[in-house]
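Just so you know, the numbering used here puts 926 at position 256 of the sequence shown, and the rest follows in order with no gaps.
C-beta atoms are modelled at their ideal positions from N, C-alpha and C, and glycine is treated no differently.
To start, the structure under review is shown below, and the notes come after it.
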Amino acid sequence: MTQTGWGAGEWGTTPWGGNQLGPLALEDAQATSENVIQLEFSRPVYFTGLLDPNDASQPDFYTVTPVAGTTGLDGSSARAVTVVQVDLVSAPGFASGQILALTLDRPMTAFSAQYLITCSTSIKSADKSVSLGANTFTFFGVYREILPPRVDQPIPSPDFANPQSLASALGSSASFPFDPVILGVFPTDDSFDYAIDEGLPSFYKRVWRRLFTKPGAFLHLGKRYGVGVQTYGKKLGKAQVRNQLVAEVESQISQEPEVAKVQAAVQSSTSVPGLYRLILVIKLTNGQTKTYPFPIPTS
């Protein structure tokens, strides 16, 4: 009779207290945004963030290869991308280290372009008892619908959403536009990427930015960018100052690419002495005319 030790017989292939979780394998890969890939493993991986041997936080452990012949909805071929950062992802029902997010150096080509992710077999389980087995997965780029031009969207000029009012939040792609907590910050969309403004909300934000930015405040935009409406507040009792403000506003706003014509006027309040409002009437290149009132701070 052949003698065997614990775990070598019919009670299992490993000794008591050994590995009971099975093999380590890459089970899923998905593009969660244009430059982020989320990986799901069959069990937690060894992840320290210290770049020590077998540490799954090493970007060099992951290779993303465009699948030849696949293209996005716009007809462009799948472009090459490189992993630059690896992070842990917390998700209900999964252990820490079971889901990773790979950040890329540039956006992937959108659906239906395909990519192949290959993970290094140097990756091990959290207890280092098992090396990565199945280590490749093919996935699609993130779906991005191509829409025809809209009447209320003069030109496609997306910008990071930074809503200052609930009205502007509704015009962005923020996940919870009714939540006042997002005002004044950079909210996220449903994919947890930065939300964007497009069309009229983006245009209104840029008009507001030009009006209330003091000239030269943004060096990369030049010394002539910005009106600094708030600096006129206590001087508007003089007609000469009001005319100067109107001329500068019309000159600045006319530089926005959506603007065909702009007229500005400074109106004084009939009920509150010393209170003024700046009224803008803007004709857009798409034929629409918009009227925007702006209060003028006095300090």
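Simplified DSSP assignment, three categories, for residue i
| i | result |
| --- | --- |
| Asp757 | strand |
| Val919 | helix |
| Pro963 | strand |
| Asp730 | helix |
| Gln914 | helix |
| Ala780 | coil |
| Lys953 | strand |
| Glu928 | coil |
| Ile852 | The predicted model places Ile852 with a pLDDT of 49, which falls under 50 and marks its position as unreliable, so this point remains unresolved. |
| Ala695 | coil |
| Thr735 | strand |
| Tyr785 | strand |
| Gln958 | coil |
| Gln700 | strand |
| Ile825 | Residue placement at Ile825 is flagged as unreliable, the pLDDT there being 49, under the threshold of 50; the coordinate-derived value follows with that caveat. In this structure, Ile825 counts as coil in the three-state DSSP scheme. |
| Ala935 | strand |
Residue i versus residue j: straight-line alpha-carbon distance, rounded
| i | j | result |
| --- | --- | --- |
| Ile852 | Phe717 | For Ile852, the pLDDT reaches just 49, beneath the cut-off of 50, and the residue's location in the model is therefore unreliable, leaving the point undetermined. |
| Gly740 | Gln900 | Per the sequence shown, residue 740 should be read as Thr rather than Gly. Their Cα atoms are separated by approximately 53 Å. |
| Leu889 | Thr883 | 12 Å |
| Arg912 | Ala934 | 10 Å |
| Leu721 | Tyr895 | 46 Å |
| Ala750 | Thr788 | 14 Å |
| Val737 | Arg879 | 43 Å |
| Ile952 | Pro885 | 22 Å |
| Phe711 | Asn705 | 20 Å |
| Asp822 | Ser872 | Any reading at Asp822 must be qualified, since the residue scores a pLDDT of 48, below 50, and its modelled position is unreliable; the value itself is stated next. Each residue's Cα considered, the two are about 11 Å apart. |
| Ser703 | Thr773 | 10 Å |
| Gly957 | Gln784 | 41 Å |
| Gly719 | Asp730 | 13 Å |
| Tyr804 | Gly745 | Position check: residue 804 holds Ala in this sequence, whereas Tyr was assumed. Those two C-alpha atoms are separated by around 32 Å. |
| Ser625 | Ser782 | A query on residue 625 cannot be resolved here, the shown segment of the chain reaching from 671 to 969 and no further. |
| Gly742 | Leu758 | 29 Å |
Environment of residue i [buried if 16+ CB atoms lie within 10 Å]
| i | result |
| --- | --- |
| Arg776 | exposed |
| Glu697 | exposed |
| Gly763 | exposed |
| Pro714 | buried |
| Lys798 | exposed |
| Gln914 | exposed |
| Gly692 | exposed |
Spatially closest choice to residue i from the options, by CA coordinates
| i | options | result |
| --- | --- | --- |
| Leu945 | Glu928, Pro965, Val932, Gly957 | Pro965 |
| Tyr962 | Thr806, Arg947, Asn956 | Arg947 |
| Phe807 | Ser746, Ala699, Glu710 | Ala699 |
| Val877 | Asn805, Lys905, Val919, His890 | Val919 |
| Ala780 | Gly811, Ala765, Ser799, Ala750 | Gly811 |
| Lys908 | Val936, Glu928, Gly898, Ala930 | Val936 |
| Thr959 | Lys931, Ser938, Leu906 | Lys931 |
| Val929 | Thr955, Phe809, Tyr902 | Thr955 |
| Gln755 | Pro927, Thr733, Ala765 | Thr733 |
| Lys893 | Ile793, Gln922, Lys875, Lys905 | Gln922 |
| Lys767 | Asp730, Thr702, Ala783, Ile793 | Checking the sequence, you will find Gly at residue 767 rather than Lys. Taking only the C-alpha atoms, the option nearest Gly767 is Ile793. |
| Ser795 | Ser782, Lys875, Pro729, Asn724 | Asn724 |
| Tyr813 | Ala771, Ala701, Leu950 | Ala701 |
| Ala748 | Leu786, Thr791, Asp757 | Leu786 |
| Ala917 | Ser939, Leu950, Ala887, Pro927 | Leu950 |
| Leu694 | Lys875, Thr791, Gln728 | Thr791 |
| Thr637 | Gln728, Thr752, Ser727, Ala771 | In the structure displayed, the chain extends from 671 to 969; residue 637 sits before or after that span and is not available. |
Contained alpha helix (DSSP H) runs [length at least 4] in the stretch 860-912, N- to C-terminal order: Listed in chain order, the complete alpha helix (DSSP H) runs (minimum 4 residues) inside the stretch 860-912 are 869-882.
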